[in-house]
């Protein structure tokens, strides 16, 4: 059955002239047979021919019914509708330009805002089991002020905590990259050796630095995928190459994936060992570290908050400002930050603008409604088979069809 249908579709698609000729032969054969029956009943040949034609109906009407009733007729209908749609802009280019521009602006706004919304709030972060990653901040006294923790706190928290599998510290900064081209200022970040394991990330090329390299202040560096492509042309032998950072020689040992980023900036190009000096490891007043931690399996966020609040009071007793508590927040919230509410509002506003654009286009189409109605009536009176898309060319339906793809895309992609 399926093969027969497929053969019929192929015959009408690739051998249309022969199929039309066969249909003409069948039609004339049927008329001749009907006329012969009337002749046997006593009618003259001319009268028999006329009666046979009346019995069959109009030639073109019969052919059209055959065409629309065969397998694959929808291909012809779709092609005819496509040709009709392509002719409309040429018949009224001003209206077509206004309609296309109106919808393009509306859909473009929604697309742009949803792209930002998706990147910040929906798309999974490029870390292993990112839902268990948190940031830890100092809560400074009664002023309700948060601050970066100290490297000394990071050391003590790693040693004494019971809720995290590990913690990592990082410090933002800049570096001057020279050699292999003009000098340039690149965003950099100093991180502890635990940074990579806490986030659960691996380089696409080379390796990351070790605990020994961090403690011994080895001049090794991991670079971003963007810097690798932009500055070094994506050279496959980049691992082991020497570069100059802040007039000091460093060895490139790895390249991070294209999708990798870490707060507060997605544009970090250079990752260097933190290499805290001895005095900083004992100083509880040097609040210059950003701490990211990974919750142990089974540990809830609330449990971590309570445990770390008590531990922080114990650890920071050496701070001359007195002990202070900490704030533990999910990493997703820190990355989204205050942009979450703004993105939701902007996305809502862009969807509203798209709806307004559809309403404006409806008003334009209503002004053409009377002429379109007469055209459909004339076509139907002439015996034309009106396809569903043609009948739905009335104003309100057309607007729905034109705007629905973008709206459906938005609905299905949102969780």
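Numbering (the numbering used here), first residue to last: 62 to 476. The C-beta atom is built at its ideal place from N, Cα and C for all residues, glycine as well. As the structure is a computational prediction, the values presented were derived from the model and not from experiment.
For this session: Take residue 319 as the anchor and find which of 165, 188, 144 has the nearest alpha-carbon.
Result: Within the chain shown, residue 319 is the residue found at index 258, counting from 1. Here the closest residue by C-alpha is 188.
Exercise. Mapping DSSP to helix, strand and coil, what is residue 213?
Worked result: Within the chain shown, numbered from 1, the residue matching residue 213 stands at position 152. Here residue 213 sits in helix by DSSP.
Exercise. Quick one: what's got a C-beta closer than 7 Å to residue 78's C-beta in the same chain, skipping five residues either side?
Worked result: Residue 78 sits at position 17 when you count from the first residue of the chain shown. No residues qualify anywhere along the chain.
Exercise. Residue 169 by DSSP, collapsed to three states: which one?
Worked result: As a position in the chain shown, residue 169 is number 108, starting the count at 1. It is helical.
Exercise. Are the CB atoms of residue 311 and residue 265 nearer to each other than 8 Å?
Worked result: As a position in the chain shown, residue 311 is number 250, starting the count at 1. As a position in the chain shown, residue 265 is number 204, starting the count at 1. It is not a contact, given that the beta carbons lie outside the stated cut-off.
Problem set entry | Cβ-Cβ distance between residue 314 and residue 250 below 8 Å | Here residue 314 is taken as the residue at index 253 of the chain shown, counted from 1. Here residue 250 is taken as the residue at index 189 of the chain shown, counted from 1. Not a contact, by the Cβ cut-off of 8 Å.
Exercise. Taking C-beta to C-beta, are residue 197 and residue 304 nearer than 8 Å?
Worked result: By one-based count along the chain shown, residue 197 stands at place 136. By one-based count along the chain shown, residue 304 stands at place 243. No, they are not a contact pair.
Exercise. In terms of residues, what are the limits of the alpha helix (DSSP H) holding residue 256?
Worked result: Locating residue 256 in the chain shown gives position 195, where the first residue counts as 1. Where residue 256 is concerned, the enclosing alpha helix (DSSP H) stretches over 256-260.
Exercise. According to the neighbour-count rule (16 or more other Cβ atoms, all chains shown, within 10 Å of its Cβ), is residue 449 buried or exposed?
Worked result: In the chain shown, residue 449 corresponds to position 388, counting from 1. Here residue 449 scores only 46 on pLDDT, less than 50, and its place in the model should not be relied on; the value that follows carries that caveat. That one is exposed.
Exercise. Measuring CA to CA, which of 397, 98, 270, 424 is closest to residue 336?
Worked result: Within the chain shown, the letter at position 275 stands for residue 336. The shortest Cα separation from residue 336 among 397, 98, 270, 424 belongs to 270.
Exercise. To the nearest angstrom, how far is it from the Cα of residue 165 to the Cα of residue 417?
Worked result: The residue labelled residue 165 in the question sits at position 104 within the chain shown. The residue labelled residue 417 in the question sits at position 356 within the chain shown. Approximately 13 Å between the Cα atoms of the pair.
Exercise. Just checking, does the segment 338-349 make contact with the segment 211-224 on the three C-beta pairs under 8 Å criterion?
Worked result: yes
Problem set entry | Straight-line gap, residue 184 to residue 407 (C-alpha atoms, nearest Å) | In the chain shown, residue 184 corresponds to position 123, counting from 1. In the chain shown, residue 407 corresponds to position 346, counting from 1. The straight-line gap from Cα to Cα measures roughly 18 Å.
Exercise. With a Cβ-Cβ cutoff of 8 Å, do residue 377 and residue 195 count as a contact?
Worked result: In the chain shown, counting from the first residue as 1, residue 377 sits at position 316. In the chain shown, counting from the first residue as 1, residue 195 sits at position 134. Not a contact, by the Cβ cut-off of 8 Å.
Problem set entry | Simplified DSSP assignment, three categories, for residue 230 | Sequence index remark: in the chain shown, residue 230 carries index 169 (1-based). Under the three-state reduction of DSSP output, residue 230 falls in the strand class.
For this session: Measure the alpha-carbon distance for residue 30 versus residue 385 and round it to whole angstroms.
Result: Because the chain here runs from 62 to 476, residue 30 falls outside it and cannot be looked at.
Problem set entry | Range of the contiguous alpha helix (DSSP H) that encloses residue 376 | Along the chain shown, read from residue 1 onward, the residue named residue 376 stands at position 315. It spans 362-376 - the alpha helix (DSSP H) in which residue 376 sits, taken as one unbroken run.
Problem set entry | Closest by C-alpha distance to residue 334, when choosing among 409, 365, 229 | Translated into the one-based positions of the chain shown, residue 334 becomes position 273. Of the listed residues, the one whose Cα sits closest to residue 334 is 229.
Exercise. Short check: CB of residue 355 to CB of residue 225, under 8 Å?
Worked result: Locating residue 355 in the chain shown gives position 294, counting from the first residue. Locating residue 225 in the chain shown gives position 164, counting from the first residue. In contact: residue 355 and residue 225 (Cβ atoms closer than 8 Å).
Problem set entry | Touch test, the segment 358-369 against the segment 167-178, Cβ-Cβ under 8 Å, three pairs minimum | no
Exercise. Relative to the C-alpha of residue 424, which residue among 84, 159, 404 is closest?
Worked result: Your numbering for residue 424 matches position 363 in the chain shown. Looking at the Cα atoms, 159 is the closest of the given residues.
Problem set entry | Presumed contact (8 Å Cβ cut-off) between residue 208 and residue 348, rounded CB distance | Counting from one through the chain shown, the residue named residue 208 turns up at place 147. Counting from one through the chain shown, the residue named residue 348 turns up at place 287. Indeed, because the Cβ distance is near 5 Å, the residues count as touching under 8 Å.
Exercise. Can you give, in chain order, each stretch of the alpha helix (DSSP H) that sits fully within the segment 277-320 and has at least 4 residues?
Worked result: 286-293
For this session: Quick one: residues in its chain with C-beta nearer than 7 Å to the C-beta of residue 245, no 5 flanking neighbours on either side, listed in chain order?
Result: One-based indexing of the chain shown puts residue 245 at position 184. Contacts found: 238.
For this session: For residue 428, count neighbouring Cβ atoms within 10 angstroms of its own Cβ and tell me buried if that reaches 16, exposed if not.
Result: Mapped onto the chain shown, residue 428 falls at position 367. Label assigned to residue 428: exposed.
Exercise. Would a C-beta distance cut-off of 8 Å place residue 395 and residue 317 closer than the cut-off?
Worked result: By one-based count along the chain shown, residue 395 stands at place 334. By one-based count along the chain shown, residue 317 stands at place 256. Against a cut-off of 8 Å, the Cβ pair of residue 317 and residue 395 comes out as no contact.
For this session: Could you pull out every residue in the same chain whose Cβ sits closer than 7 Å to the Cβ of residue 284, ignoring the five residues on either side in sequence?
Result: To locate residue 284, count along the chain shown from 1; it is residue 223. If we look at residue 284 and ignore the five residues flanking it on each side, its Cβ neighbours are 313, 316, 330, 331.
Problem set entry | Residues bridged to residue 355 [DSSP beta-bridge criterion] | Position 294 of the chain shown, counted from the start, is the residue given in the question as residue 355. Per DSSP, the beta-bridge partners of residue 355 are 194, 227.
Problem set entry | residue 96, buried or exposed, once every other Cβ within 10 Å from all chains shown has been counted against 16 | One-based indexing of the chain shown puts residue 96 at position 35. Its Cβ being crowded by 16 or more others within 10 Å, residue 96 is buried.
Exercise. According to DSSP, what are the bridge partners of residue 267?
Worked result: Here residue 267 refers to the residue found at position 206 of the chain shown. Bridge partners of residue 267: 315.
Exercise. Can you check whether the CB of residue 150 is closer than 8 Å to the CB of residue 143?
Worked result: Counted from its first residue, the chain shown places residue 143 at position 82. Counted from its first residue, the chain shown places residue 150 at position 89. No, the Cβ-Cβ distance between residue 143 and residue 150 is not below 8 Å.
Exercise. Would a C-beta distance cut-off of 8 Å place residue 200 and residue 387 closer than the cut-off?
Worked result: Against the chain shown, residue 200 aligns to sequence position 139. Against the chain shown, residue 387 aligns to sequence position 326. Yes, the Cβ-Cβ distance between residue 200 and residue 387 is below 8 Å.
For this session: Kindly indicate which three-state DSSP category residue 105 falls into: helix, strand or coil?
Result: Start at 1 with the first residue of the chain shown, and residue 105 comes out as number 44. In the structure shown, residue 105 sits in coil (DSSP, three-state: anything other than H, G, I, E or B).
Exercise. Which two residues bound the contiguous beta strand (DSSP E) that contains residue 332?
Worked result: As a position in the chain shown, residue 332 is number 271, starting the count at 1. Where residue 332 is concerned, the enclosing beta strand (DSSP E) stretches over 331-334.
Problem set entry | One or two residues paired with residue 481 in a DSSP bridge | With the chain covering 62 to 476 only, the question about residue 481 has no answer from this structure.
For this session: Would you kindly work out how many angstroms separate the C-alpha atoms of residue 81 and residue 91, rounded to a whole number?
Result: Along the chain shown, one-based indexing puts residue 81 at 20. Along the chain shown, one-based indexing puts residue 91 at 30. Rounded to the nearest angstrom, the two C-alpha atoms are 15 Å apart.
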